[in-house]
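Residue numbers (our numbering): 11 to 378.
Worksheet for the structure shown next.
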Amino acid sequence: MAYIYYFFITAVLAMILTPLIKRLAYKLNVLDVPDSPRRIHTKPMPLMGGLAIFLAVVITILGYLYFGRPDYEVMPKKFFEAIILGGSILMIGGTLDDKFDLPPKLLWLFPALASLVIVYSGIGVGIKQLSNPLGAPISLDFAVLGIPFSAIFIWLWMMGMIFTTKFLDGLDGLCAGISFIGGLTLFALSLLPHINQPITATLAIIFCGALFGYLFFSFNPASIFLGESGSTFLGFMLGTLSVISGGKIATALLVMGIPILDVAWVIVRRLWYHTSPFRADRKHLHFRLLDLGFTQRQAVLILYAISAIFGFTAVFLQSLGKLIALAVLFCVMLTLAISVVILYKRQHPHIPESERTRPLPVDDLPKV
11 MAYIYYFFIT
21 AVLAMILTPL
31 IKRLAYKLNV
41 LDVPDSPRRI
51 HTKPMPLMGG
61 LAIFLAVVIT
71 ILGYLYFGRP
81 DYEVMPKKFF
91 EAIILGGSIL
101 MIGGTLDDKF
111 DLPPKLLWLF
121 PALASLVIVY
131 SGIGVGIKQL
141 SNPLGAPISL
151 DFAVLGIPFS
161 AIFIWLWMMG
171 MIFTTKFLDG
181 LDGLCAGISF
191 IGGLTLFALS
201 LLPHINQPIT
211 ATLAIIFCGA
221 LFGYLFFSFN
231 PASIFLGESG
241 STFLGFMLGT
251 LSVISGGKIA
261 TALLVMGIPI
271 LDVAWVIVRR
281 LWYHTSPFRA
291 DRKHLHFRLL
301 DLGFTQRQAV
311 LILYAISAIF
321 GFTAVFLQSL
331 GKLIALAVLF
341 CVMLTLAISV
351 VILYKRQHPH
361 IPESERTRPL
371 PVDDLPKV
């Protein structure tokens with residue numbers, strides 16, 4: 011029952027905080043102005059939605075530490091402090107970027123610092139090996155230039171998850187919804203008898219509660235956007251939850267598989283054409299779905315469904331099963347990407363690349 015209480019409390023906090031943050035964003039003029047073809051909204055939209063999620067999570071975590079009294083022998087207090095400090099760094103950096111549009115090179119700084127906080131706290135650094143269904147475990151118990159490779163691995167993992175959700179934030183409710191599915195999967199996994207990590211489960215359900223409350227304002231048609239701070243914080247939380255009490259990396263890869271593969275493909279494509287990996291375009295899978303005629307809501311629900319299916323299977327699969335599922339996921343993504351490109355080119359055979367945009371079909375729902 012305690013999990014239900016934490017979920018409910020955090021959801022209510024997010025519902026209360028989001029309208030307040032929305033007003034603050036308007037007051038501070040922290041808005042996303044539709045000034046490029048990639049922007050699919052037609053009027054300035056308030057950013058900083060991630061701040062509401064962060065505050066709801068932090069307030070509930072502090073309440074959990076005071077009233078729930080978790081066993082610090084199982085999970086040291088510094089782990090909770092690292093989550094709050096790392097999230098604060100992302101809030102500061104993301105809000106500055108939303109307000110002043112920081113240079114792309116600076117966008118590495120805040121995620122890198124937040125990831126270092128996690129590594130320095132020791133979260134995940136104790137992972138000495140990764141399971142290998144095809145043979146002996148893969149050892150992480152060695153050093154590179156005097157730095158434990160497990161620390162390097164955790165830092166890279168955190169950065170990868172942060173930038174995955176950052177690039178995923180392109181449609182109303184997409185990033186928050188898939189992150190909710192990811193958090194719920196990690197929550198369920200933590201409760202399995204052979205894993206039994208109630209503290210990790212509590213953190214995951216707190217995270218899910220904040221996302222659930224926020225989605226009332228974020229699902230199409232959205233009345234507020236996550237902003238840089240929110241899109242990076244979601245990846246930060248998913249990355250942390252997947253390593254905080256032992257590796258659940260394969261599970262996170264399954265849930266976030268489509269976004270991760272999509273981000274990898276887009277980055278490789280941009281580098282191939284000698285453009286910056288941070289240069290925004292409409293080559294992501296979710297934009298391709300829109301160009302095929304799907305509404306925002308339809309495209310988002312398709313991606314929700316894929317993530318939920320793989321997340322559900324991840325909870326019950328053993329190592330070999332997860333490897334097979336990852337292979338299936340890769341094939342699904344490859345097939346989906348090829349199909350979308352072929353269908354798109356058939357529908358738009360003579361349209362120049364620069365003109366392959368059109369107004370977004372928006373579902374007829376009242377704004378929250």
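Here a beta-carbon is modelled for each residue, glycine too, at the ideal position from N, C-alpha and C.
Note that the structure is a prediction, hence the values are computed from the model and not measured.
- Contact annotation: Gly-96 and Val-127 have beta-carbon atoms nearer than 7 Å.
- The DSSP assignment places no complete beta strand (DSSP E) segment of no fewer than 3 residues inside the region 125-178.
- Residue pairing for Asp-42: DSSP places it in a beta bridge opposite Met-55.
- Residue burial is scored here from C-beta neighbours: His-294 has at least 16 other C-beta atoms within 10 angstroms and is therefore classed as buried.
- Here Met-25 has Gly-223 and Phe-226 as same chain residues with Cβ atoms under 7 Å from its own Cβ, once five neighbours each way along the sequence are excluded.
- Taking a 10 Å sphere around the C-beta of Asp-81, we find fewer than 16 other C-beta atoms and assign the residue as exposed.
- Here the alpha carbons of Leu-251 and Tyr-36 stand approximately 32 Å from one another.
- The beta carbon of Ile-172 sits closer than 6 Å to the beta carbons of Pro-121, Thr-242, Gly-245 and Phe-246 from its chain, once the five residues preceding and following it are set aside; these are given in chain order.
- Met-101 carries a helical assignment under DSSP once its states are collapsed to helix, strand and coil.
- Counting other Cβ atoms within 10 Å of its Cβ, Phe-229 reaches 16 or more and is therefore classed as buried.
- Closest in alpha carbon position to Gly-78, among Arg-280, Val-154, Gly-193 and Met-11, is Met-11.
- At a Cβ-Cβ threshold of 7 Å, Ala-62 and Ile-31 count as neighbours.
- By the Cβ-count criterion, Pro-113 is exposed, with fewer than 16 other Cβ atoms from all chains shown falling within 10 Å of its own Cβ.
- Cβ-Cβ distances below 8 Å link Leu-311 to nothing in the same chain once the five nearest sequence neighbours on each side are left out.
- Just so you know, the alpha carbons of Leu-72 and Leu-213 end up roughly 11 Å apart.
- In the three-state DSSP reduction, Ser-233 falls in the coil class, being neither helix nor strand.
- Taken atom to atom, the span from the alpha-carbon of Gly-132 to that of Phe-89 is near 8 Å.
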